[in-house]
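Those letters in the sequence shown? Residues -26 to -1, 1 to 749, per mature numbering (1 follows the signal peptide of the UniProt record, and there is no 0), in order.
Notes follow the structure.
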Amino acid sequence: MFVKKTCCRWVVAAAVAWGAATVAVAQVGGAAAPATPVSPLAPAPVVPGAAVPAPAMPSTPTLQGPQRPSQPGEKPAAEGADSKAKDFPRGGVELPALQSTEFERFVREATGRSLPLFGYNLFSAGGFPALQNVPVSADYVIGPGDEVNLKVWGAVDADLRLPVDRNGQISIPRVGSMNVAGLRASQLEGALRAQIGRVYNNFQLSAALGQLRSIQIFVVGQARQPGTYTVSSLSTLVSALFDVGGPSATGSMRNIQLRRDGRIVSTLDMYRFISEGDKSADAKLLPGDVIVIPPAGPRVALTGATDSPAIYELAGAEEPLGKLLSYAGRTNVLTTPQKVHIERVDATRAKAPRIVEDRALDAKGLQSTVRDGDVITLFRISPEFGNAVTLRGNVAAPLRYSWRPGMKVSDLIPERDALIVPDYYVRRNMLVQFESGRRVSDTRIQAEVKNLVEEINWDYAVVERLDPREIRSQLIPFNLAKAVINKDPANDLPLQPGDVVTVFGVNDLPIPVHKRSQYVRISGEINVPGVYQILPGETLDRLVVRAGGFSTNAYPYGMVFTRESTRQQQQRNLDQAIRRMQAEIASQASRAIQSVSTPEDNRLYVENYTRRDIVAKLQSLRASGRIALELSPESPAVPPVALEDGDEISVPPMPSFVGVFGAVTAETSFLHRYNFSVRDYLDRAGPTRDADFDSVSIVRADGTVESESSGGRGPFTWFGSSVLDRRVNPGDTVFVPEKFDKRSPYTRFIEGVKDWTTIFYQFGLGIAAIKVLRD
């Protein structure tokens, strides 16, 4: 017998017999070669003109035959499967959104809340992984499309992947075909051992299922994505529902059917699976199975004091309330058992078909039934405390305390320490825990010392009480000091259950100034610098004495005294001037836009933008709040200025320089010379040609300003100016403005405010601010 093959593979037609084999080779050029008997382990002869096969191992025969290499990730398709079937839609494909149902819209109108459909979130995209690397059960039935992984060792070696063909057979090289369809996975090794044992002895083997076949199923009815699907042969009814996306918004979760050959194999209630983990109705799928999702049954809504507000489907026309609540988990401790509110639709009533029923969560209420269209509302318990009084406000422990008969305010606040807040001790301990290598500012220390304890309003506290007859709150005021410290019966009020006692701080209800604790900070060249509490009626001179007086290096004439109320007033003056300038700029800009025909108009148009820059610089400046003490440089006696809360006093050391700046060649500081006048320093600084000697000002170290307008004796001239001839003290600053005819931006600003003293006094900006404006 001769067989002709036109492909480039060598072909063996094996006639299998025990201990012998004959090989027929292809006819070449019309001549036939006689068949040659060969050993079962010998290599097949080479056909002339054909590819040369690799020689067999001489020691051990092999069952390895021609194998088609498996592609990475390849899954064998079912024999005859429809190429248009959907394959695992959950693999990254976004599911269509659930459409809102009529009952959902009805519930939203009735409750004002949008409630989800219970259980449908299980089928959200990515909610269930595909069946991969799942162990094959022992009772798995092998069929066409499966793959058998066979390993043989001993007298013969083999490592084979054998697909089951459409006839249910696998083909084992040098052994032959073998029918495996219908075998269970547990029977596979025994059947293979018997089949191979007919040809070889002294071998061992292991067999397992590799890639499993895919099967085709149908999903119909109210499914989210109905159609034909290709799923794993290990799939069950539950896993297939996850694969296909579950029911649609109108589909049932309580009555999902699996049909096979026209009969119902299983009916699945997903609520039992979700709430109890019951998979008893789950069933393995076979090719051609049909999953039917009927329309949803009766639905009810559960809202209010529940952890699982949702729309639920009933298994029948009615269902016990207790069963419905079991799907929602349970009623929590915050749900009142006294009342359940049910809004019901009664279709038998032609007029006003909606009715209301109230039930309790007792045994009878839980056994009562709910039906289609019901909206069930659970209520929270009352927040009222039955035996408590509440202490709040500026206290150590704002809590609710147990009430007892005869309880009074002094029982709730037994001593003054009960009013010290815990944060006080935390901040007090932290005041001395400075970071290594860092200096803590005096301002911060002062603020922390001052705010360690928010002062208590000892004159006024209240008891808030609910009048049960009129259902309104009433406030009962009392004197806290008399109640807690003196135990005064008129103020040590008796308390009732539900009372709220509030203790106020001075920031809550401001008290008279003489009753507040006030602090000032004194620093610099003072013997005992620090933060001091102001004594009643204390003045600046007395504070200096209490702080140990000035040090030997102090310069009292240059003492800086700042006050917050003064700073706020100065800042208001500055802000008002800025607003005036902005209005003038806007007005000039409007006129310039309307008329730019002349060079003067063009100049004003350009200068308007320069003035905007001046305004921007002014907005970045902040008033200092300094008060000029007008001290005498020879004998600077401290004036008796009344102190205010937050005042700051800084005493500098004795300076040795005098500053000169403005329209001078050398803006710098010069060594102070006794009896040197302004003229002497200007000679050294070198005034420019634009210097306005009629407007020279001296900013004294004590904060005062001297100029012609503030006390000159006549018109200034270079040789007769009263300001130019005045003596300059250490720490003073001489300022020489430019002439206005130069009309630089900052001089036009000064011209607008009329006088340099306005800058120093009304705005409280100081010399540094003038330098910013000129830059």
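C-beta atoms are modelled at their ideal positions from N, C-alpha and C, and glycine is treated no differently.
This structure is a prediction, so every number in the text was calculated from the model and none was measured.
- Message: Cutting at 8 Å between CB atoms, please list the residues of its own chain near residue 829, excluding the five before and the five after it.
- Response: No statement about residue 829 is possible, as the shown extent of the chain runs from -26 to 749 and does not include it.
**Asked** Can you name, in chain order, every residue of its own chain whose Cβ lies under 6 Å from the Cβ of I170, other than the five neighbours on each side?
**Response** V149.
Checklist entry - Which runs of the beta strand (DSSP E) fall wholly inside the segment 455 to 536 and span at least 3 residues, in chain order? => result If we require 3 residues or more, the beta strand (DSSP E) runs fully inside the segment 455 to 536 come out as 474 to 479, 493 to 498, 504 to 507 and 534 to 536.
- In angstroms, rounded to a whole number, what distance separates the CA positions of V307 and L299? Answer to the nearest angstrom: the Cα atoms are 14 Å apart.
*asked:* My output table needs one value for Y203: the three-state DSSP class, helix, strand or coil.
replied: The answer is strand: DSSP assigns Y203 an E or B state.
Practice item. Thinking V138 and I146 are a contact (beta carbons under 8 Å), I'd like their distance in whole angstroms, please. Key: Cβ-Cβ separation between V138 and I146: approximately 12 Å, too far for a contact (criterion under 8 Å).
message = Whole angstroms are fine: how far does the CA of L440 sit from the CA of A371?
response = Their backbone Cα atoms lie some 23 Å apart in a straight line.
Self-check item: 7 Å Cβ shell around D636 - same chain, five flanking residues per side excluded
Solution: Contrary to the premise, residue 636 reads as Gly rather than Asp in this sequence. Sequence-distant Cβ neighbours of G636 in its own chain, meaning closer than 7 Å and more than five residues away, are F709, V710 and P711.
inquiry  = Need the endpoints of the alpha helix (DSSP H) that Y245 sits in, please.
reply    = It spans M244 to E250 - the alpha helix (DSSP H) in which Y245 sits, taken as one unbroken run.
Classify R42 as buried or exposed, calling it buried when 16 or more other Cβ atoms lie within 10 Å of its own Cβ.
Reliability of the predicted coordinates at R42 is poor, the pLDDT of 42 falling under 50, and the value obtained from them is presented with this limitation in mind. R42 should be labelled exposed.
Find out if the Cβ-Cβ distance for the pair K125, L136 is shorter than 9 Å.
-> No, Cβ-Cβ distance for K125 and L136 is not below 9 Å.
Item to complete: Measure the CB-CB distance between A275 and A302 and report whether it falls below 9 Å.
Response: For A275 and A302, no; Cβs fall outside 9 Å.
query: Between L454 and W432, which are expected to be in contact by the criterion C-beta below 8 Å, what is the C-beta distance as a whole number of angstroms?
result: L454 to W432, Cβ: 5 Å. Contact.
request  = Give me whichever residues DSSP pairs with Y375 in a beta bridge.
outcome  = Answer by DSSP bridge pairing, in chain order: V363.
For Y174, which of helix, strand or coil comes out of DSSP?
Three-state result, Y174: coil.
task = Kindly say whether V625, judged by its beta-carbon, lies nearer than 9 Å to any beta-carbon of chain B.
result = Judged by its chain identifiers, the structure shown contains no chain B, having just a single protein chain.
### Start-to-end residues for the alpha helix (DSSP H) that takes in F644
No alpha helix (DSSP H) contains F644, which is instead part of the beta strand (DSSP E) from T642 to L645.
G225 and R198 closer than 9 Å at C-beta: G225 places its beta carbon less than 9 Å from that of R198.
To the nearest angstrom, how far is the alpha carbon of S249 from that of K297?
The alpha-carbon atoms of S249 and K297 are separated by roughly 11 Å.
Within the continuous alpha helix (DSSP H) that includes L352, where are the two ends?
Counting along the chain, L352 falls outside any alpha helix (DSSP H), though it belongs to the beta strand (DSSP E) covering V349 to R354.
| field | As assigned by DSSP and simplified to three states, the class of R546 | value | DSSP places R546 within a helical segment (H, G or I) once states are collapsed to three.
Query - 8 Å contact criterion, which G262 and L352 should meet: CB distance rounded - result: That pair is no contact at about 47 Å.
- request: Within its chain, find whatever has a CB closer than 8 Å to the CB of E409; leave out the 5 residues flanking it on each side and keep chain order.
  value: At E409 the pLDDT is 46, less than 50, meaning the model places this residue with poor confidence and gives no usable figure here.
Worksheet item: Candidates I672, S525 and V518: which alpha carbon is nearest E499's?
Response: Out of I672, S525 and V518, the CA that lies nearest to the CA of E499 is found in S525.
For the candidate residues V518, L72 and G184, whose alpha-carbon lies nearest to that of S111? Nearest option by C-alpha distance: G184.
Based on the DSSP secondary-structure assignment, which residues constitute the bridge partners of T277? T277 is bridged to T351.
Exposure of F97, with buried meaning 16 or more beta-carbon neighbours within 10 Å: With 16 or more Cβ atoms within 10 Å of its Cβ, F97 is classed as buried.
message = Residues in the same chain with beta-carbon distance under 6 Å from V518, minus the five sequence neighbours each way, listed in chain order, please.
response = In chain order, V612 place their CB closer than 6 Å to the CB of V518, counting only its own chain and leaving out the 5 sequence neighbours on each side.
Worksheet item: Which whole runs of the beta strand (DSSP E) in the segment 127 to 172 are 3 residues long or more, in chain order?
Response: Within the segment 127 to 172, the complete beta strand (DSSP E) runs of at least 3 residues are 132 to 137, 143 to 146 and 150 to 153.
Boundaries (first-last residue) of the beta strand (DSSP E) holding K313:
K313 -> beta strand (DSSP E) spans T309 to V319.
Check your understanding: To which residues of the same chain is D706 closer than 8 Å at the C-beta, ignoring the five residues directly before and after it?
Key -> Cβ neighbours of D706 beyond the five flanking positions: V632, G633, I672, V673, R674 and A675.
Query raised in the report: If you check the beta carbons only, do G347 and R228 fall under 9 Å apart?
Result: In this structure, G347 sits away from R228, with a CB-CB distance that is not shorter than 9 Å.
Looking at the structure shown, is S681 part of a helix, part of a strand, or coil, going by DSSP? Three-state result, S681: coil.
**Residues sharing a beta bridge with F667, DSSP** = Per DSSP, none; premise fails for F667.
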